[in-house]
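Here's the structure we're looking at; comments come further down.
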Amino acid sequence: MTARFPRCMAWAVLAACLAMMRPAAPAPGQTPGTPIQLAAKADADNALYAMTLEAFFPGEKRGVPKNLNLYLARREGRWVAAIGTPTVQGRPVWNTAIMLVDPAGLAVKDGRVAGTALVTLVPDPWVPLDQKARVATVAIDAAATPTGGADPVAALAGTWKSRVPGDAAELAAATLEAAREGKLVGGLKPSQDLNLADVDVQMAIYNLVPGQTGENYHRRRALSLGVKAGKVVSARLGQMDIRHNAYDYVVIDTPEGMEVTQDGIKGTVSFSTDTLDGGQATFTLALAGVRVAAWMAGTWKGKVVHADGKEEPREGFFRANLRTGAYESAEAKDARPWFAAVKDFRAPAPGEHPRLFFRKADLAELKRRAETPDGKKIVARLRQLLNGSDGESMPSSYNPAKQAYEKNTFRAAPGAYSISHAAGFGFLYQLSGDRKYADLARQCVEKAWAGQRNFDDRYAWVAPGGELRAGPSIGWYAVAYDLCYDAWDDAFRRKVALAIQNYDGRGGGEWNKDEGITLAKMVLTPRQGPGSNHFGAVVGGCGLAVLAIQGDPGADKDLLGKYAGVLERQVVRHLSAGWGNGGYYKEGWGASTVGTQGGFLCFLQALKTAAGRDYLNVERLNASYVTLVPRCLMLIGPPAVLPYRSNMGGTYGSAEFHRERDGFSHGGHFSEGFGAIADRFKPALLWTYNHIVEPDAARRDFDTCSLYPHRPMLALINWPTFQGIEEKNPAEVMPRTSADHLYDYFVFRNGWNGPDDIVTTVLINYPDGTKPRDVLVWGLGTRNPFGEPKRGAKVTHYAAGADGSGTLTAGDFALAVDYSRASGADALLISVGGGTPKTDAKAGDKVKVQTVAAGRTTYSVMTLAARAGGHPEVRAEGDGLAVGKQTVKFENGRFILGVFAPAK
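Here you go:
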């Protein structure tokens, strides 16, 4: 890199900091805003100094030197704040922390900046490995050259020299060197006066939470302080995942006397939260930090008081970003319970089994079902999957893989060994009472302990391919324990219970990198948070495992009780921070099923049966909507497809749902799903399966098309027809619209009448990388993008219609969806502020798009019409539109439809 100022990386990073002031993904109740504006002053004693110390850190990253950027704020001839970022083009090159800088030894005189700055090299959770903060002494000598009124007002060029304490080996391990020197480039900008009228300070508190963990990032917590007119008006505490995403915010007491000024923050905050050992503790922290531009960095010092009264001093660092728009606590206040107590529930006694999916009192009914024509079909499929034929012997084939991700020629067929074979044999034992099936289940468990892998070799008891695979693996062996408990001898039962409780999958990990997987780590400190598809699978699988053995002879009652409490809190986190309240998932549709199928949905069902906690039949729809929105509200067909969005790769899924039903994570959406939705919605989901997913009655397999034996088991337990529940058109059972307020995701459907149904979806607060971002209008066999709303715009209006119509406003974007047919078309869509809409190349004359000006507004209009010549004329009428018998007005930024019946 040359010393020419226009290439100064510090300015590039600063510009990005100021221009991108919204979160990558919205936090609950948080609306991203506009950039914080800096006032315009321009002289050497009132300026923002930016300096790039080229190649400050040894080595290169992605072929470029590892720089350190310094930002120093100067007011009335003195330094008031300073920080540093180890980044190149905004990407971390040493770690992700913000460095503290003491510029007191730097002088500005005669057109030069010279002297010594002290830079605290703050550890983040990963770098340096020893987590030691070191203070670098940096000598700076740079000349300032005026730019003749350009921006920046002056360029800086010079040299730097650093000294870092420590011996050579210690510094090498920290990727540092004792002495380095290099070029300095930079410049001066106007001073940084900040409008504190309405901002949110979003902190990452490092090294906060005590307890055991091998991963320091688990010790972080997110702290959000809402500031209005310079006063803290709200406070929230949240979790942070491995990707730095904040989630699971809870409102805490607003700190009194917290000072937030132009140059930093100072004050005390208190709160209670979980420790990494699963206990509760109260934290009191004194924060002291400095601000430059939209960054803040500082230190915290305080104490932790554990539940037993023991006090522990702790201290560390924090970093923060400032966003416009203070969080206001009232926005997210929702006191509705997450679960209801199951009526007349009786907790399982120690050693009482089965308990997870049914109790002994339910067994007679299951045996009755097994003798019905449908039941016989399901049991026959179970037997086929167990050994390729009749289920009377061990599996017919085994994957020879010795580790996850092994490349071999093995191809699975019915009868191939899987992690749920033991459970499948256990279910046959329950139905027949014949202990030979429990013995086959035992042999399957013992093979797993000996290293036998699932036909998808990522799933295994020994060295699974990461926590994502470990959770469901131990979960389904725990189901076998639950089903075979009465048939296994006491010694083996205890052996299995302890193997689950003390599960150690070390040696396993993503791509065979040893992650030190244990049950304790998966429960207390999972590697991923709710925004990752891994989370639900880990929580669900571990939840089944803990419920299966809790309270049994030989198991640790207190330990498992603690695990159970933590896992239920994780359920709520998944339903409120990964999934939104209207059924959208952060990573999109394909990845969402990885986190729900084979584990999480089954855990929700087991909580109802084994713990008496019903997360489904409650006022909150979060849990039911995990299944109902993507599998009923959005599904069109046959063949079954859905308007697909994702921020993950193509291997995670596609719009073609009908092709993606035979895997572990892409399967069981109905056999498992019927056990994880509210009773009132089951007729609608059944209708969807019968008419969209499998309309040919002769081919209906009760969603057992995958090779996993647990799917027929759950089909016999969960299929609604066995309970006397008949299908109903979803329009009779559920709304035709949904609104997800975490991601501002909206669905509008005209009904469930056949392949020509029309579904419109809108996503506004989409996570990074989400595609497509357009309004999607799918119907009449076409797939049409209808312009792109501005990301993160605040939703100020939403109205849902009884027929699936609706209106929506977010920032400058407004949309009207009209299914009333008053226009003469099957669907009429009108928008402003969403860019130019397009049509499906295969749409033919079914879809028409046009632009119509009326008054001072230009409208984008799309009509869908199944019949030839069905597109009505769109006429300007004053400032609005007239389309057939429908009138459209646009007032105060929102659409008003003349023919519109609000949803009840």
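The sequence shown begins at 29 in the working numbering and counts up by one.
Note that the Cβ used here is the ideal one computed from N, Cα and C, for glycine as well.
For Ala-706, the closest of Asn-675, Ala-725, Ile-664, Arg-641 by C-alpha to C-alpha distance is Arg-641.
Cβ-Cβ distances below 7 Å link Phe-386 to Leu-394, Thr-637, Ile-745 in the same chain, with the five nearest sequence neighbours on each side left out; the list follows chain order. DSSP places Phe-928 outside both helix and strand once states are collapsed to three, so it counts as coil. By the CB criterion at 7 Å, Thr-312 and Ser-300 fall outside the cutoff.
For Ile-168 against Ala-145, the beta-carbon gap comes to about 6 Å, under 8 Å, which counts as contact. Close CB contacts of Phe-702 within its chain, under the 7 Å cut and outside five residues either way in sequence, are with Lys-710, Leu-713, Asn-746, Trp-747, Pro-748 (chain order).
Counting along the chain, Asp-846 sits inside the beta strand (DSSP E) bounded by residues 841-846. Residue Arg-659 holds the alpha-carbon nearest to the alpha-carbon of Asn-718 among Ala-893, Leu-547, Arg-659, Met-762. With a 10 Å radius around the Cβ and a threshold of 16 neighbouring Cβ atoms, Gln-480 comes out buried. Lys-217 sits buried, since 16 or more C-beta atoms from the chains shown fall within 10 Å of its C-beta. Inter-residue distance for Thr-835 and Ala-827 is about 5 Å (C-alpha atoms, whole angstroms). In the structure shown, the three-state DSSP call for Val-150 is coil. Judged by DSSP secondary structure, Phe-918 falls within the beta strand (DSSP E) whose first and last residues are 914-919. In the three-state reduction of the DSSP assignment, Ala-325 falls in the strand class, which pools E and B. Checking the DSSP bridge columns, you'll see Phe-923 partnered with Phe-918.
Gln-230 has Ser-252, Asn-349 as its beta-bridge partners, per DSSP.
By the neighbour-count definition (other C-beta atoms within 10 Å, threshold 16), His-697 is a buried residue. Residue pairing for Gly-215: DSSP places it in a beta bridge opposite Ala-78, Ala-183. Runs of beta strand (DSSP E) with 3 or more residues, each lying fully within the stretch 238-323, are found at 249-256, 259-268, 274-279, 287-289, 292-302, 308-320, listed in chain order. The Cβ atoms of Gln-625 and Ser-734 do not sit closer than 7 Å to each other.
In this structure, Asn-812 and Val-721 do not form a Cβ contact; the two beta carbons are roughly 24 Å apart against a cut-off of 8 Å. For Asn-812, the enclosing beta strand (DSSP E) stretches over residues 810-813. Counting only the Cα atoms, Arg-470 lies some 55 Å from Thr-282. Per the C-alpha coordinates, the member of Gly-807, Asp-484, Lys-822, Val-911 positioned closest to Lys-870 is Gly-807. Contact between Arg-102 and Asp-73 is confirmed by a C-beta separation of about 6 Å, below the 8 Å threshold.
Taking the Cα of Gly-820 as reference, the smallest distance to any Cα among Phe-814, Ala-375, Leu-791, Ala-896 is reached at Leu-791. For Val-227 and Ala-263, the gap between their C-alpha atoms comes out near 12 Å. Each of Asn-540, Ala-548, Val-150 was checked against the Cα of Tyr-531, and the nearest Cα belongs to Ala-548.
Beta-carbon to beta-carbon, Met-676 and Glu-615 are separated by about 5 Å, close enough to satisfy the 8 Å threshold.
Contact annotation: Tyr-465 and Phe-483 have beta-carbon atoms that are not nearer than 7 Å. For Pro-131, the uninterrupted beta strand (DSSP E) run begins and ends at 127-137, by DSSP.
The beta carbon of Gly-582 is closer than 7 Å to those of Arg-522, Ala-525, Leu-526 in its chain, skipping five residues each way along the sequence.
Beta bridge pairing from DSSP links Met-890 with Leu-857, Val-877. Across the set Ser-848, Leu-909, Ala-881, Leu-925, the C-alpha of Ser-848 shows the shortest separation from the C-alpha of Ala-893.
Closest in alpha carbon position to Asp-152, among Arg-271, Ala-853, Arg-534, is Arg-271. Following the DSSP letters along the chain, one finds Thr-113 inside the beta strand (DSSP E) bounded by residues 106-113.
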